[in-house]
Amino acid sequence: MKTIFITGASSGIGKATAVYFAEKGWNVAATMRSPEKEEELQKYPSIKLFCLDVEKKETITQAVQDALLKFGTIDVLLNNAGYGSTGIFEAADDREIRRQFDVNVFGLMDVTKALLPHFRSQQDGLIMNVTSAGGRVVLPITSLYHATKFAVEGFTESLAFELNSQGIRVKLIEPGVVLTDFSGRSMAFFEDDSLEDYKTYSRDLLQKMKQLSSGGFPPEIAAQEIYQAAIDESNQLRYVIGEDAEEFIALKEREGAEAYFQKVQQMFS
Ligand SMILES: NC(=O)c1ccc[n+]([C@@H]2O[C@H](COP(=O)([O-])OP(=O)(O)OC[C@H]3O[C@@H](n4cnc5c(N)ncnc54)[C@H](OP(=O)(O)O)[C@@H]3O)[C@@H](O)[C@H]2O)c1
């Protein structure tokens with residue numbers, strides 16, 4: 001029986017993926033900041049909950065140790081935990097800038113590092129990092145979020161070489177808009193009232209961003225695609241999920257960054 005270790009399994013894509021893998025007969029180490037609040041996942045005998053906050057290294061070490069004790073091995077790591085900083089860059093304070101990178105980038109690196117000795121010892125393992133179409137293309141007023149997702153894309157792509165020497169594979173999961181509460185609970189909107197010049201622009205853009213993220217596909221679809229990626233033995237690196245993601249990425253690749261900028265500018269004007 002194979003085992004997947006998931007971060008951010010309390011909701012959305014992480015939770016749907018935990019359920020989908022359990023239904024496919026996998027063991028699931030479903031990690032989250034507050035496992036005591038989780039009820040639905042408790043019902044599945046092959047899902048075990050572990051406390052893990054990607055900002056707290058000691059919880060990462062403990063969760064990996066406990067999951068290995070429980071399941072014996074871990075075959076797949078799904079780095080999924082993340083949130084979206086939203087707002088005008090000039091309005092972001094140092095704390096928010098650093099927190100966005102702490103959660104989406106450094107947290108992901110810490111979890112990866114905690115599992116690598118195990119994967120290396122078994123000369124096998126798969127790391128799947130959930131970035132976003134936003135790790136390849138950008139939208140306005142989310143510069144910090146895109147910076148983190150682009151960072152994870154570059155990190156993962158380079159990591160593939162050295163981990164290949166140890167029998168470990170990496171994959172990038174790049175969803176478009178998924179119908180989770182990401183644009184609610186996981187969107188951290190910041191503004192600075194003293195920055196009058198941006199006020200109208202920032203508010204208008206936020207409204208348009210919310211409209212854009214009201215579409216999308218259910219997290220169960222993302223879970224199915226993640227499962228297909230996990231059982232895909234090929235060396236495919238990127239898995240784009242959703243027509244919107246495919247369209248935006250194709251637009252930039254086909255027409256170039258400048259044409260992409262013009263199109264997005266028109267979309268939001
Ligand atoms: N929804 C989309 O449209 C979309 C599109 C592309 C990519 N993504 C990516 O998909 C991933 C999951 O997002 P989602 O849509 O499923 O949103 P979600 O339902 O809001 O889930 C976000 C998850 O991240 C967890 N998390 C946040 N900070 C954490 C921390 N410090 N330590 C551990 N866990 C933490 C949350 O846990 P708590 O319950 O403790 O807050 C929650 O489980 C994110 O990386 C996101 O960037 C989402």
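For the sequence shown, full-length UniProt numbering begins at 1 and goes up steadily by one.
Ideal placement from N, C-alpha and C gives every residue a C-beta, glycine not left out.
Does the Cβ-Cβ distance between residue i and residue j come in under 8 Å?
| i | j | result |
| --- | --- | --- |
| ALA245 | ALA114 | no |
| SER183 | SER213 | yes |
| ASN79 | THR7 | yes |
| VAL54 | VAL111 | yes |
| ILE13 | VAL76 | no |
| PHE190 | GLU96 | yes |
| ALA188 | THR17 | no |
| SER186 | GLY107 | no |
| TYR20 | TYR198 | no |
| SER46 | ALA22 | yes |
| ILE88 | SER202 | yes |
| LYS24 | LEU41 | no |
| PHE217 | VAL178 | yes |
| ALA67 | ALA29 | yes |
| GLU225 | ILE249 | no |
In three-state terms, what does DSSP make of residue i?
| i | result |
| --- | --- |
| GLU191 | coil |
| LEU172 | strand |
| ALA29 | strand |
| THR7 | coil |
| MET109 | helix |
| MET209 | helix |
| ARG136 | coil |
| ILE13 | helix |
| GLY84 | strand |
| ASN79 | strand |
| ARG185 | coil |
| MET1 | coil |
| GLY216 | coil |
| LYS152 | The residue you asked about is not Lys; residue 152 is Val in the sequence shown. Three-state DSSP puts VAL152 in a helix. |
| LYS24 | coil |
| LEU126 | strand |
| VAL264 | helix |
| LEU49 | strand |
| VAL240 | strand |
| VAL103 | helix |
| VAL19 | helix |
| VAL178 | strand |
| VAL64 | helix |
Between the Cα of residue i and the Cα atoms of the options, which residue gives the shortest distance?
| i | options | result |
| --- | --- | --- |
| MET209 | LEU77, THR142, TYR20 | THR142 |
| GLN166 | THR59, GLY176, PRO117 | PRO117 |
| ILE173 | ASP181, PHE150, ALA188, LEU195 | PHE150 |
| GLU220 | SER11, THR3, SER202 | SER11 |
| LEU69 | SER85, THR86, PHE50, ASP232 | PHE50 |
| PRO35 | LYS171, ALA63, TRP26, ASN27 | ALA63 |
| GLY72 | THR148, PHE119, MET32, THR31 | PHE119 |
| GLY82 | ASP102, ILE88, ASP93, ALA92 | ASP102 |
| VAL138 | ALA16, ALA22, LYS252, LYS15 | LYS252 |
| THR156 | LEU144, LYS171, TYR145, THR148 | LYS171 |
| GLY176 | TYR20, ARG203, ARG136, ASN27 | ARG136 |
| LEU144 | SER194, ILE168, GLY125, ARG99 | ARG99 |
| GLY125 | ASP232, ILE241, THR200 | ASP232 |
| GLN123 | ALA147, ALA92, ILE168 | ILE168 |
| VAL152 | TYR44, GLN262, ARG238 | ARG238 |
| ASP192 | ARG33, THR86, ASP66 | THR86 |
| ALA230 | GLU255, ALA257, HIS146, ILE74 | ILE74 |
Label residue i either buried or exposed according to how many other C-beta atoms from any shown protein chain fall within 10 Å of its C-beta, with 16 as the threshold for buried.
| i | result |
| --- | --- |
| MET267 | exposed |
| ILE60 | buried |
| MET1 | exposed |
| ILE127 | buried |
| residue 274 | Here the chain has residues from 1 to 269 only, and residue 274 is not among them. |
| THR31 | buried |
| LEU205 | buried |
| ASN27 | buried |
| GLY154 | exposed |
| LEU52 | buried |
| LYS43 | exposed |
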